[in-house]
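Asker: Okay, here's the structure, questions in a sec.
In our numbering, the protein residues as written are 3 to 89.
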(Lines of atoms letter the chains of each structure in order from A and count residues from 1; the text may use other names and numbers.)
(Lines give C-alpha, C1' and ligand atoms only; values in the text may rest on other atoms or scores of the structure.)
Protein backbone atom coordinates (compact mmCIF):
# COMPACT_ATOMS: atom_id res chain seq x y z
CA UNK A 1 0.00 0.00 0.00
CA UNK A 2 2.80 2.41 0.90
CA UNK A 3 4.42 1.83 -2.49
CA UNK A 4 1.19 2.96 -4.17
CA UNK A 5 0.21 5.86 -1.92
CA UNK A 6 3.52 7.65 -1.44
CA UNK A 7 4.35 8.25 -5.13
CA UNK A 8 0.80 9.48 -5.74
CA UNK A 9 0.96 11.94 -2.88
CA UNK A 10 4.46 13.10 -3.77
CA UNK A 11 3.25 13.77 -7.32
CA UNK A 12 1.06 16.51 -5.82
CA UNK A 13 4.11 18.69 -5.16
CA UNK A 14 3.84 20.79 -8.38
CA UNK A 15 0.14 21.43 -7.76
CA UNK A 16 0.91 22.37 -4.15
CA UNK A 17 3.57 24.82 -5.28
CA UNK A 18 1.20 26.34 -7.85
CA UNK A 19 -1.54 26.75 -5.23
CA UNK A 20 0.91 28.49 -2.93
CA UNK A 21 1.96 31.19 -5.37
CA UNK A 22 1.51 34.62 -3.91
CA UNK A 23 -0.68 37.09 -5.79
CA UNK A 24 0.34 40.74 -6.24
CA UNK A 25 -1.93 41.61 -3.30
CA UNK A 26 0.09 39.28 -1.03
CA UNK A 27 -2.50 36.50 -0.82
CA UNK A 28 -1.98 32.91 -1.91
CA UNK A 29 -3.59 31.71 -5.14
CA UNK A 30 -5.92 29.13 -3.60
CA UNK A 31 -5.94 28.99 0.20
CA UNK A 32 -8.46 26.12 0.46
CA UNK A 33 -6.49 23.96 -1.96
CA UNK A 34 -3.27 24.77 -0.15
CA UNK A 35 -4.87 23.82 3.18
CA UNK A 36 -5.97 20.48 1.72
CA UNK A 37 -2.51 19.67 0.39
CA UNK A 38 -0.95 20.52 3.74
CA UNK A 39 -3.39 18.22 5.51
CA UNK A 40 -2.50 15.39 3.13
CA UNK A 41 1.26 15.88 3.50
CA UNK A 42 1.07 16.25 7.27
CA UNK A 43 -1.17 13.21 7.75
CA UNK A 44 1.13 11.13 5.60
CA UNK A 45 4.13 12.35 7.58
CA UNK A 46 2.47 11.53 10.88
CA UNK A 47 1.39 8.10 9.65
CA UNK A 48 4.81 7.20 8.28
CA UNK A 49 6.88 8.64 11.12
CA UNK A 50 8.64 5.29 11.78
CA UNK A 51 9.74 5.19 8.13
CA UNK A 52 10.82 8.83 8.24
CA UNK A 53 12.96 8.14 11.31
CA UNK A 54 14.46 4.98 9.78
CA UNK A 55 18.14 5.29 8.93
CA UNK A 56 17.68 4.00 5.38
CA UNK A 57 17.23 6.51 2.59
CA UNK A 58 13.75 6.01 1.17
CA UNK A 59 13.20 9.52 -0.08
CA UNK A 60 11.60 10.58 3.19
CA UNK A 61 13.43 13.91 3.13
CA UNK A 62 11.13 15.07 0.32
CA UNK A 63 8.08 14.51 2.53
CA UNK A 64 9.65 16.35 5.45
CA UNK A 65 10.47 19.23 3.10
CA UNK A 66 6.81 19.41 2.03
CA UNK A 67 5.64 19.52 5.65
CA UNK A 68 8.27 22.19 6.30
CA UNK A 69 6.97 24.21 3.35
CA UNK A 70 3.49 23.98 4.84
CA UNK A 71 4.87 25.20 8.17
CA UNK A 72 6.33 28.25 6.44
CA UNK A 73 3.02 29.40 4.96
CA UNK A 74 2.20 32.83 6.42
CA UNK A 75 -1.46 31.90 6.97
CA UNK A 76 -1.41 30.63 10.59
CA UNK A 77 -4.46 28.43 10.16
CA UNK A 78 -2.62 26.45 7.48
CA UNK A 79 0.79 26.41 9.17
CA UNK A 80 -0.75 25.17 12.44
CA UNK A 81 -1.88 21.98 10.66
CA UNK A 82 1.72 20.77 10.83
CA UNK A 83 2.28 21.24 14.57
CA UNK A 84 1.50 17.63 15.56
CA UNK A 85 4.02 16.39 13.00
CA UNK A 86 6.82 18.38 14.63
CA UNK A 87 5.77 17.43 18.14
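Where a beta carbon is used, it is the ideal one built from N, C-alpha and C, also for glycine.
Figure out for me which residue from 85, 47, 5 has the closest Cα to the Cα of residue 65.
Answerer: In the chain shown, counting from the first residue as 1, residue 65 sits at position 63. When only C-alpha atoms are compared, the closest one is 47.
Asker: Check each candidate in 33, 19, 39 and name the one with the smallest Cα separation from residue 11.
Answerer: The residue you call residue 11 lines up with position 9 of the chain shown. Measuring from the Cα of residue 11, the nearest candidate turns out to be 39.
Asker: Quick one: give me the first and last residue of the alpha helix (DSSP H) that residue 39 is part of.
Answerer: Along the chain shown, read from residue 1 onward, the residue named residue 39 stands at position 37. Note, residue 39: alpha helix (DSSP H), 33-49.
Asker: Specify, as a first and last residue, the run of the alpha helix (DSSP H) that residue 16 falls within.
Answerer: Position 14 of the chain shown, counting from 1, holds the residue named residue 16. First-last of the alpha helix (DSSP H) with residue 16: 15-21.
Asker: Kindly indicate which residue of 62, 57, 30 has the alpha-carbon position closest to the one of residue 5.
Answerer: What you label residue 5 is simply residue 3 of the chain shown in a count that begins at 1. Of the listed residues, the one whose Cα sits closest to residue 5 is 62.
Asker: Residue 17 and residue 31 - do their beta-carbons sit closer together than 8 Å?
Answerer: As a position in the chain shown, residue 31 is number 29, starting the count at 1. As a position in the chain shown, residue 17 is number 15, starting the count at 1. It is not a contact, given that the beta carbons lie outside the stated cut-off.
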